[in-house]
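Notes for the one structure printed next.
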Amino acid sequence: MVNKSIIVIVLSCIGFSAYAGTTYTSEELNRLVELGTPPKEMPEHVDKIKPAPFPTCKLAINNMYKKVHGEYPVEITGNGTDTYAIKVWTYDGVAMTKCIDGNRILSGAEYE
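Under my numbering, the residue at position 63 of the sequence shown is numbered 50, and the numbers go up by one with no gaps.
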């Protein structure tokens, strides 16, 4: 249940359609990311910072990665001893989730 909540939070954090930005289908995104030409992004903005012990945070984010992988492109962008981060390309922007310095940080960016 918690993992589904995290996915919903991440995907809803970047609900930029009200701004009439560019949107893509999951098929288009998978192709663009696979070719190494993902959509250009606006500057990243932080949506939420929540205290979270690193092991718990990493497990939650890794579970989200497993659930989203295959539907939308997702990439592990940081994997260190005290840092873990993923990036998910969704229809209207990207969502980034990070475990850093004892915090879980949710951020996003709209496509140009």
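All C-beta atoms in this analysis are idealised placements derived from N, C-alpha and C, irrespective of residue type, glycine included.
Excluding its 5 nearest sequence neighbours in each direction, Asn17 has C-beta neighbours in its own chain below 7 Å: Pro60, listed in chain order. Distance check between Glu58 and each of Ala96, Pro38, Gly89 and Trp76 places Trp76 closest, using alpha-carbon atoms only. The beta carbon of His32 is closer than 8 Å to those of Ser94, Gly95 and Ala96 in its chain, skipping five residues each way along the sequence. Note: Glu28 is bridge-paired with Tyr98 in the DSSP secondary-structure output. Judged by DSSP secondary structure, Thr43 falls within the alpha helix (DSSP H) whose first and last residues are Phe41 to Val55. One alpha carbon belongs to Tyr98, the other to Pro25, and they sit about 10 Å apart.
When the alpha-carbon of Ala82 is set against those of Asp88, Ile73 and Asn90, the nearest one is in Ile73.
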